[in-house]
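Last residue of the sequence shown: 184 (our numbering), numbering continuous.
Working notes for the structure below.
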Amino acid sequence: MMYPFLTLDDNTEIVHSEMQENGTVRVYIEKPVVGGFHNAWCILPEYRWEDICGFSNEEINRFQGIIESTAHLTLRFSQEGGFENAANLYDRLI
């Protein structure tokens with residue numbers, strides 16, 4: 091299962107998986123371009139990049155910064171059914 095997380099100003103989508111038994115979370119980045127998409131995977135908590143297709147080093151560095159600054163949320167949401175489910179839990183507590 092993949093959960094939506096962020097949409098950037100250039101329509102780049104960032105989604106993440108559920109936390110796996112080994113404690114990892116797969117973060118997928120996809121950006122629409124003419125004729126298809128650029129995409130990449132980042133594996134948390136190691137910040138290991140895999141299957142980078144079409145993104146420049148500069149773009150990956152930008153995404154690295156975004157993922158690092160939000161990793162605590164991604165890891166939490168990956169255990170709670172994504173942002174929407176975590177937000178619903180919060181709403182019920184108020």
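For each residue, glycine too, the CB sits at the ideal point set by N, CA and C.
Annotated as proximal: residue 135 and residue 115, with beta-carbon spacing under 9 angstroms. Here DSSP, grouped into helix, strand and coil, assigns residue 167 to helix.
Rounded to the nearest angstrom, the gap between the Cα atoms of residue 99 and residue 113 is 30 angstroms. In this structure, residue 169 lies near residue 109, with their beta-carbon atoms less than 9 angstroms apart.
Residue 159 sits in a helix when the DSSP states are folded into three classes. Note on residue 143: under 16 other CB atoms within 10 angstroms of its CB, so exposed under the neighbour-count rule.
Between residue 119 and residue 97, the CB-CB gap reaches or exceeds 9 angstroms.
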